[in-house]
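Colleague: In my numbering, the protein residues as written are 29 to 743. Have a look at the structure that comes next, please.
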């Protein structure tokens, strides 16, 4: 959880939960739509387990759960946060994640740090007849990585709450395997009815209507997941299956992601919190049971598979990075193997991003700040984070989560390992940011602050891509969506950089419109050694993708052999400098053939430089004689769409001058559309596609080729 907007991370004096055995750790990521009640649930559990006196109070002088400032709520909604507490002998790290789709990077960081997921669905949502599409997408995110999942139905005290309707909506959205373990008791005392005896807390005679049917469905669902094929036959034969047997089968089914228990919770009254804690401790896997990421040496060499062993080789990962005015850089770290101790020297290594530079095909450059990603650093302290409070601990063992400060080279996704045994964990998958935002310093005095702050923000946010385009001379931030862009701009301004945005410019190209013969003449005589070069060149347009072709048909030595390459070099230089296409802006030239057919030279005044200049002048003359055509970049776009939105997406593609190349089935109820679309039509496609499909579609884009632009495209 976040603290006050005007306070930073601070070292606290409160007791941090200690753990010495990974079997007694549960790392649980909270997932669900914005406003579902995830943060309220965390606050209730912290109060219920005695970490804070009550919801909305202050711990060690730092607000842990402050409901008032809007800035705090915004910070919660876009950033991952960790809340650790102890239940019995088990330390539980709750990882709260944003619910809005723009911040899927924070969600995936939470999935990386966790071993199981709790989906928080408000009971009032059942009245709408369906779970929010973004939540379904998050469920699929978890399914793709094999994450065990359970469902918390929150806000059961809401005036419009309907547990039954919400459970039905979850089954429709999430599929088979969703079943309640408890039902609320409709009485003055309230409480939950335990459907098969996990807690044995149901008051005698207080079972709600339908409990027997729900219990039967639950038991049958658990038995269907059992590896003992005789259980179903025994149960249908009237045998009473022992709770211990059902519990073992339930734990196995939950751990492998095929069964998803539902627990109703009312955070304000505390009803359901004990039941939820029992599910987390008894049903979710410990770090010992969850597969760990693959690991290699920093040079790519193979390495043994890791285990969650505190005595094993140190392998930890930075899952989130933040900058704080009080303590500097704060790195949230999941330890997969080994033990992190204060005063240890560690090795920080990261995945150096693939960089693309401008090339003949016109793919724009992509330049990311990189500080080496390979350095030894000495730790000072190891902390257990709780809200804005950092509580010092003696060590952080395999399977646990901690915070480290002042790791100057650490970025999100980096590996922290032993200095004498450096390792590199396999990177987690992140979606490409697809919304470009061009930023510019508000004044010359803001330029240094902009550069400095940009490097920090990019290091902390792996879903943000920085591009400095050498053609358009723009600094472009590629974001996940408008909300992400707003947060990034706010962080830039909070870092002291006053920035403005401007329209993103798409790099264009030109080619010649038709064939023609021209003369490039460079003759100067101003006393002394002069310059003399004349070349006659035939230019013609070539098919798209042909590039530049040069040929020579000079006979009789009218252009000396040693100067023929000079003409080609001069033309190539002018190709890069570019030509105009009816406007004032020059663009590089593509797909042209130049044939040198004749020329003149002087025995004294001709030179390599003179014929280079003449070649360039010939191409500029060709622009007047042959005419030019503006070329725009086309991207191949691959869109994965729910079938119910296929028609609207295809219609939208047509309005963007898109050309559909093909479609194919992409899973149950989904279609993959492959199309070519002009890049200028894709500048806001990430926003528009989300609006068209209620956030249920995804897309990727790659440069395809250049093609003639219509007259409506500005020059």
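Cβ atoms here follow ideal geometry from the backbone N, Cα and C, with glycine treated the same way.
Is residue 746 buried or exposed, if buried means 16 or more other CB atoms sit within 10 Å of its CB?
Modeller: Lying before the first or after the last residue shown, residue 746 is absent from the chain, which here runs from 29 to 743.
Colleague: Can you confirm whether the region 137-150 touches the region 72-83 when touching is taken to mean that 3 or more C-beta pairs between the two stretches lie within less than 8 Å?
Modeller: With the cut-off at 8 Å, the region 72-83 and the region 137-150 do not touch.
Colleague: Quick check: the Cα distance between residue 93 and residue 66, rounded to an integer number of angstroms?
Modeller: Because residue 93 carries a pLDDT of 41, less than 50, the predicted location of this residue cannot be relied on, and the following value inherits that uncertainty. Rounded to the nearest angstrom, the two C-alpha atoms are 12 Å apart.
Colleague: Given a cut-off of 7 Å on the beta-carbon distance, is the pair residue 121 and residue 485 in contact?
Modeller: Not closer than 7 Å, so no.
Colleague: Cutting at 6 Å between CB atoms, please list the residues of its own chain near residue 524, excluding the five before and the five after it.
Modeller: Counting only Cβ-Cβ distances below 6 Å, and skipping sequence neighbours, we find 477.
Colleague: For residue 627 versus residue 676, is the C-beta spacing smaller than 7 Å?
Modeller: No, the pair does not count as a contact, with Cβ atoms beyond the cut-off.
Colleague: Please report how far the alpha carbon of residue 146 lies from the alpha carbon of residue 189, in whole angstroms.
Modeller: Cα-Cα distance, rounded: 20 Å.
Colleague: Identify whether residue 74 lies in helix, strand or coil by the three-state DSSP scheme.
Modeller: In the structure shown, residue 74 sits in a helix (DSSP, three-state: H, G or I).
Colleague: Whole angstroms is fine: what's the gap from residue 479's alpha carbon to residue 720's?
Modeller: Roughly 36 Å separates the two Cα atoms.
Colleague: In this structure, what does DSSP give as the bridge partners for residue 182?
Modeller: Answer is 150.
Colleague: Quick check: the Cα distance between residue 422 and residue 672, rounded to an integer number of angstroms?
Modeller: Using only the alpha carbons, I get a separation of about 55 Å.
Colleague: Give me the residue from 583, 630, 615 and 535 with the minimum Cα distance to residue 623.
Modeller: Of 583, 630, 615 and 535, the residue nearest in Cα terms is 583.
Colleague: With DSSP as the reference, label residue 704 as helix, strand or coil.
Modeller: If DSSP states are grouped into helix, strand and coil, residue 704 belongs with the strands.
Colleague: Helix, strand or coil: which one does DSSP assign to residue 240?
Modeller: Residue 240: helix per DSSP, three-state reduction.
Colleague: Going along the chain, which residues of its own chain have a beta-carbon closer than 7 Å to the beta-carbon of residue 460, five neighbours each way excluded?
Modeller: Cβ neighbours of residue 460 beyond the five flanking positions: 728.
Colleague: Alpha carbons only, please: which of 266, 599 and 444 is nearest the one belonging to residue 576?
Modeller: The residue with the shortest Cα to Cα distance from residue 576 is 599.
Colleague: Measure the C-alpha to C-alpha separation of residue 731 and residue 401 and round it to an integer number of angstroms.
Modeller: If I take the Cα positions, the gap works out to 29 Å.
Colleague: Going by other Cβ atoms of all chains shown within 10 Å of its Cβ, with 16 needed for buried, is residue 553 buried or exposed?
Modeller: Classification of residue 553: exposed, given that the 10 Å Cβ count is below 16.
Colleague: Can you pull the DSSP bridge partners for residue 195?
Modeller: Paired residue(s): none; residue 195 is not in a bridge.
Colleague: State the Cα-Cα distance for the pair residue 409 and residue 455, rounded to the nearest angstrom.
Modeller: Looking at the two C-alpha atoms, the distance is approximately 26 Å.
Colleague: Tell me whether residue 161 sits in a helix, a strand or coil according to DSSP, three-state version.
Modeller: Residue 161: helix per DSSP, three-state reduction.
Colleague: Pair every Cβ in the region 321-341 with every Cβ in the region 202-213, then say whether three or more of these pairs are closer than 8 Å.
Modeller: Taking 8 Å as the limit for Cβ pairs, the verdict is that the region 202-213 does not touch the region 321-341.
Colleague: What residue range is occupied by the uninterrupted beta strand (DSSP E) comprising residue 724?
Modeller: That residue, residue 724, is in no beta strand (DSSP E); it is neither H nor E in DSSP.
Colleague: Taking only the alpha-carbon atoms, compute the straight-line gap between residue 558 and residue 550 and give it to the nearest angstrom.
Modeller: Roughly 10 Å separates the two Cα atoms.
Colleague: Can at least three beta-carbon pairs, one atom from the region 162-181 and one from the region 437-450, be found at a separation below 8 Å?
Modeller: Because the criterion of three Cβ pairs below 8 Å is not met, the region 162-181 and the region 437-450 do not touch.
Colleague: For residue 427 versus residue 315, is the C-beta distance shorter than 7 Å?
Modeller: Closer than 7 Å, so yes.
Colleague: Counting C-beta neighbours from all protein chains within 10 Å, is the total for residue 635 16 or more, i.e. buried, or is it exposed?
Modeller: Residue 635 should be labelled buried.
Colleague: Going by the beta-carbon positions, is the gap between residue 424 and residue 363 smaller than 7 Å?
Modeller: Taking 7 Å as the Cβ cut-off, residue 424 and residue 363 qualify as a contacting pair.
Colleague: Mapping the DSSP letters down to three states, classify residue 30 as helix, strand or coil.
Modeller: For residue 30, the predicted model reports a pLDDT of 30, less than 50, meaning its position is unreliable; a value from the coordinates is still stated below. Here residue 30 sits in coil by DSSP.
Colleague: Hey, which unbroken runs of the beta strand (DSSP E) at 3 residues or more fall wholly within the region 405-463?
Modeller: Counting whole runs of 3 or more residues, the region 405-463 contains the beta strand (DSSP E) stretches 410-414, 417-421, 429-433, 443-446 and 451-453.
Colleague: Taking buried to mean at least 16 other C-beta atoms within 10 Å of its own C-beta, is residue 200 buried or exposed?
Modeller: Residue 200 comes out exposed.
Colleague: Helix or strand or just coil, what does DSSP make of residue 539?
Modeller: Strand.
Colleague: Would the region 503-511 count as touching the region 460-470 if we require 3 or more Cβ pairs under 8 Å?
Modeller: The region 503-511, when compared against the region 460-470, does touch it at the 8 Å Cβ threshold.
Colleague: Under the rule that 16 or more other beta-carbon atoms within 10 Å means buried, what is residue 725, buried or exposed?
Modeller: Buried, by the Cβ-count rule.
Colleague: Please state the DSSP three-state secondary structure of residue 560.
Modeller: Residue state, collapsed to three classes: strand.
Colleague: What are the boundary residues of the alpha helix (DSSP H) that residue 481 is part of?
Modeller: First-last of the alpha helix (DSSP H) with residue 481: 475-488.
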